[in-house]
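Asks:
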Amino acid sequence: MEHLIWVIPALPLAGFLLLVAFGRRLGEPWAGWLATLMVVGSFVASVALFLVARGSRGGENHVLTQRLFTWIPAGGFRADVGLLADPLALTMCLFVTGIAALIHLYSIGYMHGDANFSKFFIFMNLFVFSMLMLVLGDNLLITFLGWEGVGACSYFLVSFWFTQEANASAGKKAFVTNRIGDVGFMAAIFFTFVSVGSIRYADLLGHASGLATTTATAIAILLFVGAVGKSAQIPLFVWLPDAMAGPTPVSALIHAATMVTAGVYLMVRINPVLAEASPWVPTLIAIIGALTAFIAATIAVAQNDIKRVLAYSTISQLGYMFLAVGSGAYVAAIFHMITHAFFKALLFLGSGSVIHGMGEEQDMRRMGALRKLMPITAITFLVGWLAIAGVPPFAGFWSKDDILLAAYHKSPLLWAIGVVTAVLTGFYMSRQVFLVFFGQARWAESDTTTGEAEQSAAGVTDDSGETSTHAEDEKVAPMVHASASTASSPTSDAGDDHHDVHPHESPWQMTLPLVVLAGLATVGGALNLPFLRRLLFLEHWLEPVVHFGEADISVATSTKLVLAALAGIGAVLGILLAVGVYLRGRGDRSKIEAPALANGWYIDSSFAAFVARPGTRFFEAVAWFDRTIIDGAVNGVAMVVRGGGDRIRTLQTGYVRNYALGVAVGAIVLVGALLSRAVF
Amino acid sequence: MLASTLGPTPYLVLGALLFTVGATGLLVRRNPLVMFMCVELMLNAVNLTFVTFARELDDIGGQVVVFFVLVVAAVEVVVGLGIIVAIIRRQPNATADDISLMRG
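Residue numbers (my numbering), protein chains in the order written: chain W, -6 to 673; chain E, 424 to 527.
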């Protein structure tokens, strides 16, 4: 059984290859079902392997390994395609394949009627394969392969509807921003090979205690740079909100549950190195995580796009995970990663269901009162809301509580930031829930206010269509005719979209994953309940992986209880504030949704301004240096050699007598030299 | 015997003369066949010198070298004559200067 680890990533790969070959012929919905089946198979294989690793075959540390083949043998360097299924990798495999299977199923309903239905599932299967290689790789290079693979799939899927300029550039932005982090990852691989002599985790982590502090610090920092890019932490988080341009199942799978948590996975994976690094490294990670959590939460408060709220919320929750990593609470980080995957995938899929039911409407100001029209979506979304807000006994409470406890142990200041963020989380999530599912139904009223302007604009386009049919109207001024046509024929084509908003519940392929995820978001906390040692299942399971780096948190039980109570009160406080503002209508909304918050503290726009002006000048200077100095040196060498060759080639006349003369003269000179030596 | 009474000098002078004739011929003639013969002349001039010294110094090594030179010369004749015949067939009256395809 342990020789069948390869089955887990191979099934999605097979699905990818089959869909590339036959996807178009299978068409809708069979291409989707094939992709779903492959991921379900992968999940079953993960469960089977988990049971094996739990049993006696896995040994004391529950580690299974498999070396498939040698990939790059190059002198002292050697990279194998090897798989490492230890408790950490298996945990990742289980929730990645499980959630991916649900989201594949959901996508069959969500992508219904899309022209590129089968292409979508090609990329989805490829993504799952890459993600599994990332978590199962037994060396840094395989992880990097998966790392780049998920990045490429993210690019493909963010710009899946690439005919719109904004979607295409959002994909590019995600890809380019990730490159910055990837430079750090690559440098870390080089550095690891130079200092350790191998890039296998077994060699790097097994001998971590022998590493010099500076070496460990360098490797940890470089890998952290990679993680900051992939997991959207300050300052590289700007790509994630734009990545919401992709289809909603993509946002749920890639930009909430799995890919963006790869950075956290990497940090947990190298925890022995982190333990050897200088103490400022974990502190830096914790500070970056706490700041990201706080700033992203403040931005989420003022967003109006249903998916952008969730995107900033994801960044904020990832910040919590890095806060946990920096505090040495690796188990808490993984615990929160799992529960977050449950409730954030649920929330994203719920928002996708809302968008689907509202006819591609994403602005929360045009929603409201949807709970009666979309009962299943509403109920499951409410579960997700309570879970992310951290209301006991839902999953988010337990994992967030673990992280806050660790942060308190690290520094009460970090804990304070975490609690304030928890209040904000409760607030912005409640704001979203109230705007979407409660209050007045605003999709109808928006027609009278904003719909009017669009309708007159639509009248112009309608008019141009009419003029082509009625040639005698060509001379009539378009605007005059436009007002006439809107008055006479109120049903113009473009206006229809806004008139006919009939929110409806989604098909079963979409609601079933919602129900399952809602169940998981409710009971997910049971993975690691803090009441008894025996109930800390996740902690015992992950112990072989994290025992080098895990901080020993010794806090009195009373303190623990107070902290947990404060976290719970914080969450409820946030919800109550939102109730006051958004349900009762107290306070001034515009003050809360300040422009600075709505624009994300202007971080994104300052980046853009920097890259546009001084950045461009700098990059042009670099390009000039490359063209003239670097290329000049290379071309100069070539020109010198070529010119010299041109001169010297004339020596070869092709006449035998010339050569013979040369030989004769040479012989005479040699003899003369020998004679002169002998004589003098 | 004759050799002992005359000493090595005449043989060496003859060898030097033959070599000079060969070298000069190689440089001034254009006919490939004649140039080839000049090369043979130079080789055999050297052979004569080798044999003379072998006799004078009582060292069999010189004579052994001569055998090697003869073998190499024979091989060279086989290859060289083959090439020359092929060239003359394509282009009768070809001189060595006409064959300059290897000009750089």
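Glycine included, every Cβ here is placed at the ideal spot set by N, Cα and C. None of the values given here were measured: they were computed from a predicted structure.
1. Could you confirm whether any beta carbon from chain W is found closer than 7 Å to the beta carbon of Leu466/E?
2. Kindly indicate which residue of Arg650/W, Phe390/W, Ala511/W and Ala602/W has the alpha-carbon position closest to the one of Ala674/W.
3. How would you list, in chain order, the residues of chain W whose beta-carbon sits under 8 Å from the beta-carbon of Met525/E?
4. Counting along the chain, where does the beta strand (DSSP E) carrying Val56/W start and finish?
5. Any beta-carbon of chain W closer than 7 Å to the one on Leu450/E?
6. Is any beta-carbon of chain W found at less than 7 Å from that of Asp482/E?
7. So which residues of chain W does Ala519/E contact, with C-beta pairs closer than 8 Å?
8. Using beta carbons (cut-off 7 Å, strictly below), is Ala446/E in contact with chain W?
9. In three-state DSSP terms, what is Phe36/W?
10. Which residues in the same chain have their Cβ closer than 8 Å to the Cβ of Tyr148/W, if we skip the five residues on either side of it in sequence?
11. Is it true that the region 315 to 333 of chain W meets the region 346 to 360 of chain W, where meeting means three or more beta-carbon pairs spaced less than 8 Å apart?
12. When you compare the CB positions of Val45/W and Asp79/W, do they come within less than 7 Å of one another, or not?
13. Is it the case that the region 578 to 586 of chain W contacts the region 273 to 288 of chain W, given that we only count it when at least three CB pairs across the two stretches are under 8 Å?
14. By the three-class DSSP mapping on this structure, what secondary structure does Trp408/W have?
15. If you scan the region 358 to 409 of chain W from start to end, which runs of the alpha helix (DSSP H) of 4 or more residues do you find wholly inside it?
16. In the structure shown, what three-state DSSP assignment does Trp154/W receive?
17. Quick one: using the 10 Å Cβ neighbour count with 16 as the cut-off for buried, is Phe473/E buried or exposed?
18. Below 7 Å CB to CB, which residues in the same chain sit around Ala326/W once its five sequence neighbours on both sides are set aside?
19. Enumerate, from N- to C-terminal direction, the unbroken alpha helix (DSSP H) stretches of 4 or more residues contained entirely within the region 66 to 153 of chain W.
20. According to DSSP, which residues form a beta bridge with Arg193/W?
21. Spatial neighbours of Trp0/W within its chain, please: CB distance less than 7 Å, with the 5 preceding and 5 following residues excluded, ordered by chain position.
22. Is any beta-carbon of chain E found at less than 7 Å from that of Ala657/W?
23. Can you tell me whether Asp486/W is helix, strand or coil according to DSSP?
24. If contacts are defined as beta-carbon pairs under 8 Å, then Leu216/W and Ile308/W qualify, I think. What distance do you get, rounded to the angstrom?
25. Flag Arg642/W as yes if its beta-carbon sits less than 7 Å from any beta-carbon of chain E, otherwise no.
26. Can you check which of these residues, Val538/W, Gly655/W, Phe230/W and Leu277/W, is closest to Asn264/W by C-alpha distance?
27. Please report the distance separating the alpha-carbon of Ala614/W from that of Phe184/W.
28. Can you tell me the Cα-Cα spacing of His533/W and Pro228/W, whole angstroms?
29. Assuming Leu513/W and Phe335/W are in contact, meaning their beta carbons sit under 8 Å apart, how far apart are those beta carbons, in whole angstroms?
30. Who are the near neighbours of Gln514/E in its chain, counting only those whose CB is closer than 8 Å to its CB and skipping five residues on each side?
31. Ordered along the chain, which non-local residues of its own chain (more than five positions away) have a Cβ less than 8 Å from that of Met503/W?
32. When you compare each of Ala245/W, Gly659/W and Ile135/W to Phe178/W by their alpha carbons, which one comes out closest?
33. What residues of chain E sit near Ala653/W, judged by a beta carbon separation below 7 Å?
34. Quick one: using the 10 Å Cβ neighbour count with 16 as the cut-off for buried, is Tyr595/W buried or exposed?
35. I'd like to check one pair, Pro5/W with Asn118/W: are the Cβ atoms closer than 7 Å?
36. For the region 539 to 549 of chain W and the region 367 to 379 of chain W, state whether three or more C-beta atom pairs, one from each stretch, are separated by less than 8 Å.
Replies: So, to answer that:
1. no
2. The structure shown does not extend to residue 674/W, since chain W spans only -6 to 673, so no value can be given for it.
3. Gln645 and Gly647
4. Segment: none, Val56/W is in no beta strand (DSSP E) and carries neither H nor E.
5. yes
6. no
7. Tyr648, Val649 and Arg650
8. yes
9. helix
10. Gly164, Lys165, Ala167 and Phe168
11. no
12. no
13. no
14. helix
15. 368 to 382 and 388 to 403
16. coil
17. buried
18. Val257, Val261, Met314, Ala317 and Val318
19. 80 to 103, 110 to 129 and 133 to 151
20. Asn132/W
21. Inspection of the sequence shows that residue 0/W is occupied by Val rather than by Trp. Here the set comprises Ala38.
22. yes
23. For Asp486/W, the predicted model reports a pLDDT of 40, less than 50, meaning its position is unreliable; a value from the coordinates is still stated below. Reduced to three states, the DSSP call for Asp486/W is helix.
24. Not quite, the Cβ-Cβ distance comes to about 20 Å (not below 8 Å), so this is no contact.
25. yes
26. Val538/W
27. 29 Å
28. 35 Å
29. 4 Å
30. Asp521
31. Tyr99, Gly102, Tyr103, Leu342, Gly345, Ser346 and His349
32. Ile135/W
33. Leu449 and Leu450
34. exposed
35. yes
36. no
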